[in-house]
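2 protein chains.
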Amino acid sequence: MVTIGDVAAHAGVGAATVSRVLNDSPKVSEPTRQRVLAAIEVLDYRPSPLARGLSLGRGHGFGVIVPFFTHASAVERLRGVVDVLADSPYDLVLFDIESPERRDQVFAEMLRRDRADGLLVMSLPPAPGALDRLAARGVPVVVVDVGGTNVSAVTSDDFGGGRMATRHLVELGHERIGFLGDAPDNPFGFTSSARREAGYVEELASARIRFDAALVRHGPHDREIARCLATELLALDEPPTAIFASSDVQALGVMEAARDASLAVPDQLSVIGYDDVELSAYAGLTTVRQPLFESGRLGARMLLEALAGRAPAEPESHQLPIELVLRSTTGPPAATPKPKPTRQTRPTRRTNP
Amino acid sequence: MVTIGDVAAHAGVGAATVSRVLNDSPKVSEPTRQRVLAAIEVLDYRPSPLARGLSLGRGHGFGVIVPFFTHASAVERLRGVVDVLADSPYDLVLFDIESPERRDQVFAEMLRRDRADGLLVMSLPPAPGALDRLAARGVPVVVVDVGGTNVSAVTSDDFGGGRMATRHLVELGHERIGFLGDAPDNPFGFTSSARREAGYVEELASARIRFDAALVRHGPHDREIARCLATELLALDEPPTAIFASSDVQALGVMEAARDASLAVPDQLSVIGYDDVELSAYAGLTTVRQPLFESGRLGARMLLEALAGRAPAEPESHQLPIELVLRSTTGPPAATPKPKPTRQTRPTRRTNP
DNA sequence: TTGAAAGCGTTACCAC
DNA sequence: GTGGTAACGCTTTCAA
Chain A
0 MVTIGDVAAH
10 AGVGAATVSR
20 VLNDSPKVSE
30 PTRQRVLAAI
40 EVLDYRPSPL
50 ARGLSLGRGH
60 GFGVIVPFFT
70 HASAVERLRG
80 VVDVLADSPY
90 DLVLFDIESP
100 ERRDQVFAEM
110 LRRDRADGLL
120 VMSLPPAPGA
130 LDRLAARGVP
140 VVVVDVGGTN
150 VSAVTSDDFG
160 GGRMATRHLV
170 ELGHERIGFL
180 GDAPDNPFGF
190 TSSARREAGY
200 VEELASARIR
210 FDAALVRHGP
220 HDREIARCLA
230 TELLALDEPP
240 TAIFASSDVQ
250 ALGVMEAARD
260 ASLAVPDQLS
270 VIGYDDVELS
280 AYAGLTTVRQ
290 PLFESGRLGA
300 RMLLEALAGR
310 APAEPESHQL
320 PIELVLRSTT
330 GPPAATPKPK
340 PTRQTRPTRR
350 TNP
Chain B
0 MVTIGDVAAH
10 AGVGAATVSR
20 VLNDSPKVSE
30 PTRQRVLAAI
40 EVLDYRPSPL
50 ARGLSLGRGH
60 GFGVIVPFFT
70 HASAVERLRG
80 VVDVLADSPY
90 DLVLFDIESP
100 ERRDQVFAEM
110 LRRDRADGLL
120 VMSLPPAPGA
130 LDRLAARGVP
140 VVVVDVGGTN
150 VSAVTSDDFG
160 GGRMATRHLV
170 ELGHERIGFL
180 GDAPDNPFGF
190 TSSARREAGY
200 VEELASARIR
210 FDAALVRHGP
220 HDREIARCLA
230 TELLALDEPP
240 TAIFASSDVQ
250 ALGVMEAARD
260 ASLAVPDQLS
270 VIGYDDVELS
280 AYAGLTTVRQ
290 PLFESGRLGA
300 RMLLEALAGR
310 APAEPESHQL
320 PIELVLRSTT
330 GPPAATPKPK
340 PTRQTRPTRR
350 TNP
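As given, the protein sequences belong to chains A and B, one line each in that order.
Residue numbers for the first sequence follow numbering that gives the first Met the number 0, so the first one is 0 and each next one is one higher.
Residue numbers for the second sequence follow numbering that gives the first Met the number 0, so the first one is 0 and each next one is one higher.
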């Protein structure tokens with residue numbers, strides 16, 4: 000392996016000068032510079048990032064912790080991160096979390112050895128105290144889609160989004176509106192679904208629609224599970240005429256349940272999702288759009304700033320706008336009570352109980 | 000920052016002993032060991048991976064180069080990699096490639112400084128010579144879904160998969176079978192689509208069906224573009240009764256085109272895809288399944304072996320099995336020629352020209 | 001079983 | 001402008 004010393008020897012200069020050329024310091028004469036460059040070329044020399052890092056006291060790893068990076072929303076966010084990082088000297092070091100155990104393991108390792116210079120934590124509330132300990136180490140942290148912490152954060156208005164989705168349904172004339180989302184006490188501690196649900200509850204209240212706990216279903220973030228849950232909802236004596244799913248994947252599950260129950264969407268059942276992942280356009284899903292890609296970009300930029308030593312004195316929090324995307328899965332409820340369908344599993348469906 | 004020296008001082012031992020404890024060397028007496036462990040605990044010490052790497056002559060980065068990691072197939076593969084890496088001391092360093100320029104930039108940087116200890120290259124034929132130069136550097140490389148190179152590789156039988164898809168259509172009775180895939184001369188040098196296309200051509204030949212170049216369309220790997228291309232195909236004087244799309248995303252585009260043209264799938268048009276990404280089950284798409292997740296796992300395991308110095312003498316190549324997944328988008332062609340539809344853009348559709 | 005000391009490849013400070 | 005040289009924090013001989 001060829002080192003800076005070899006280059007120095009070959010060019011007939013000192014190692015320090017080679018280093019200066021490498022870091023294009025202004026204090027190198029042009030002839031020397033050329034000589035060094037030539038030597039680098041001839042020897043096919045490349046500096047060791049490890050040695051460089053050790054000397055500089057910092058590495059080049061940009062850590063991103065993300066749960067279920069297979070989910071379309073996580074991928075979208077990551078893409079924003081990638082986009083920003085492409086022009087930086089940092090490498091994206093990805094930590095995917097698929098179980099609470101793994102979450103704790105990663106955070107523990109993160110503390111034990113600094114595997115990254117900075118940390119972007121997405122959608123996953125860190126283990127208690129982890130942030131403080133990281134801060135004590137001087138590791139900059141930015142969180143995205145995580146609420147209630149004391150670090151720089153990028154969020155979007157989940158509560159408002161929940162209201163927005165619900166209001167849309169209310170304005171269409173729905174009165175029995177179901178909600179389907181993550182359990183508030185899920186093992187990962189995800190909170191965005193709960194905030195959307197709070198918005199749903201609030202909007203119902205302000206529309207003077209009685210909240211019916213029977214219309215609310217919780218389960219892990221998964222299409223299949225959402226399908227089951229929605230099937231339960233649709234089998235109710237007084238089934239909802241509209242369902243607000245806390246994410247697009249779950250909304251897709253609801254659509255499947257509707258399909259299974261031979262319910263036309265949106266004529267017999269309105270469905271609204273959340274996120275606006277790419278697939279939703281394909282499925283024609285009405286949804287609340289949150290800027291996933293942009294959240295990744297912004298979070299990454301903020302962390303990059305902190306990494307460059309330009310961290311804000313106080314942690315700063317940015318809230319990204321949300322927006323209703325109207326497509327073809329929501330509409331007014333059926334005007335009149337319909338006769339009992341032929342299928343036996345479906346009870347009489349009434350629009351206004 | 001607390002160093003190994005601090006721990007040594009605190010425990011009243013030498014730095015070497017602390018190092019031994021850290022790397023659980025057997026030659027440390029239990030009492031000493033406990034004392035060191037206690038000191039580590041008290042001081043909340045964590046070793047610097049940088050220094051460790053420098054001393055050891057190797058880092059802890061597991062580089063993965065993947066084009067368009069937003070694509071479901073890439074994500075699936077990555078998930079396999081993540082799965083394997085979770086139990087290893089390596090961190091996943093992700094390089095996403097979304098343009099040919101970026102491809103060259105990444106490979107160039109990869110050569111200039113070793114950003115990772117080993118490299119897993121997925122779906123993307125490396126720049127010419129890049130592999131050799133990497134090998135010269137002693138950087139182990141494994142490629143996945145890339146053909147025709149001289150490194151350890153994980154592939155699947157694209158040619159056979161192309162035949163398989165086509166044969167399925169032929170056996171259903173189709174004679175006008177369209178193909179839609181990546182251009183053979185695409186700027187990234189992707190080759191799997193071309194191999195599937197070759198399988199399609201071959202199978203057509205062995206079924207004694209005349210190959211019609213008009214039924215073949217190429218374009219970048221994108222659903223929208225596939226939709227346009229499929230629309231062209233369907234607007235032909237003698238449109239295909241079935242379309243084999245080289246990937247599921249493209250097949251979805253074909254389905255959209257069919258929907259736009261008010262063509263029932265599979266009654267008026269059969270569609271078969273390739274990959275079997277998660278979404279395909281939702282869409283009910285008949286497809287050729289290739290083990291994406293498993294390809295990631297295997298590739299990662301092979302690279303891990305190489306990283307551990309257990310590289311095979313000769314580069315070894317593994318071919319993963321493919322399998323036909325029958326769902327609801329393929330069926331026999333319409334038995335009789337149909338009358339001209341009411342829509343004006345659609346020409347007379349004939350089943351058997 | 002333990003410790004002292006010599007690297008590992010850079011960078012940066014300090015003379016010249 | 002340039003060249004020594006001391007860090008940077010760890011691992012690993014080599015002695016004891």
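Glycine is no exception: its CB is placed at the ideal position from the N, C-alpha and C atoms.
In this text, all values refer to a predicted model and were calculated from it rather than measured experimentally.
| Check | Outcome |
| --- | --- |
| Given a cut-off of 9 Å, decide if L233 of chain B and A263 of chain B are closer than it, judged by their beta-carbon atoms. | no |
| Check each candidate in B:V138, B:V143, B:D144, B:D103 and name the one with the smallest Cα separation from P127 of chain B. | B:D103 |
| If you measure from the CB of H59 of chain A, is any heavy atom of the ligand FMN nearer than 8 Å? | With respect to the ligand FMN, the structure offers nothing, as it holds no ligand at all. |
| Using the rule of at least 16 other Cβ atoms within 10 Å of the residue's Cβ for burial, across every protein chain shown, is V41 of chain B buried or exposed? | exposed |
| Consult DSSP for L284 of chain B and reduce its assignment to one of helix, strand or coil. | coil |
| Of all the CB atoms in chain B, is at least one closer than 9 Å to the CB of S354 of chain A? | Outside the modelled stretch of chain A, which goes from 0 to 352, sits residue 354 of chain A, for which no answer is possible. |
| Should P48 of chain B be flagged as near chain A, meaning a C-beta pair shorter than 9 Å? | yes |
| How about V140 of chain B: is its C-beta nearer than 9 Å to some C-beta of chain A? | no |
| Can you tell me whether M355 of chain B is helix, strand or coil according to DSSP? | No answer is possible for residue 355 of chain B: it lies beyond the span of chain B, which begins at 0 and ends at 352. |
| Span of the alpha helix (DSSP H) holding Y44 of chain B? | No alpha helix (DSSP H) holds Y44 of chain B; DSSP gives it neither H nor E. |
| Using a Cβ-Cβ cut-off of less than 7 Å, give me the residues of the stretch 272-292 of chain B that come near chain A, in sequence order. | L278, Y281 |
| Using the C-alpha atoms, what's the distance from D156 of chain A back to H317 of chain A? | 10 Å |
| Between the stretch 149-165 of chain B and the stretch 175-194 of chain B, are three or more C-beta pairs nearer than 8 Å? | yes |
| Assuming Q318 of chain B is part of the beta strand (DSSP E), what are its boundary residues? | 316-319 |
| Taking Cβ-Cβ distances below 8 Å as the criterion, which residues of the stretch 79-95 of chain A are in contact with chain B? | V81, A85, D90, L91, V92, L93, F94, D95 |
| Quick check on Y199 of chain B: does DSSP put it in helix, strand or coil? | helix |
| Spell out whether any CB of chain A is found under 9 Å from the CB atom of H220 of chain B. | no |
| Spatial neighbours of V145 of chain A within its chain, please: C-beta separation below 6 Å, excluding the five flanking residues on both sides. | P124 |
| Cα separation between E201 of chain B and R51 of chain B? | 55 Å |
| Does DSSP put F292 of chain B in a helix, in a strand, or in coil? | helix |
| If you follow the beta strand (DSSP E) that S151 of chain B is in, where does it begin and where does it stop? | 151-155 |
| Counting only beta-carbon atoms, is H59 of chain B nearer than 9 Å to chain A? | yes |
| Step through the CB atoms of chain A and report whether any lies within less than 9 Å of the CB of R45 of chain B. | yes |
| Please classify P186 of chain B as buried or exposed, where buried requires at least 16 other C-beta atoms within 10 Å of its C-beta. | exposed |
| Hey, is D113 of chain B's beta-carbon within less than 9 Å of any beta-carbon in chain A? | yes |
| Out of curiosity, what's the CA-to-CA distance linking S245 of chain A and T69 of chain A? | 18 Å |
| Just checking: is the beta-carbon of P352 of chain B within a distance shorter than 9 Å of some beta-carbon in chain A? | The predicted model places P352 of chain B with a pLDDT of 29, which falls under 50 and marks its position as unreliable, so this point remains unresolved. |
| Using a Cβ cut-off of 9 Å, pull out every chain B residue sitting near L306 of chain A, in sequence order please. | Under the 9 Å cutoff, chain B gives no residues; its nearest Cβ is about 15 Å from L306 of chain A. |
| Given that T69 of chain A touches chain B, what residues does it touch there, using C-beta distances under 7 Å? | V74, R78 |
| Which whole-angstrom value is the C-beta distance of T329 of chain B and P238 of chain B, which I expect to be below 8 Å? | No, T329 of chain B and P238 of chain B are not in contact; Cβ-Cβ is about 16 Å, not under 8 Å. |
| Assuming E255 of chain A is part of the alpha helix (DSSP H), what are its boundary residues? | 247-259 |
| Can you tell me the Cα-Cα spacing of V35 of chain B and R132 of chain A, whole angstroms? | 22 Å |
| Taking 9 Å as the cut-off, decide whether the C-beta atoms of L119 of chain A and R175 of chain A are in contact. | no |
| Under a three-way DSSP split, which group does G137 of chain B fall into? | coil |
| Chain A partners of L251 of chain B, CB-CB under 7 Å? | Y281 |
| According to the neighbour-count rule (16 or more other Cβ atoms, all chains shown, within 10 Å of its Cβ), is A71 of chain B buried or exposed? | buried |
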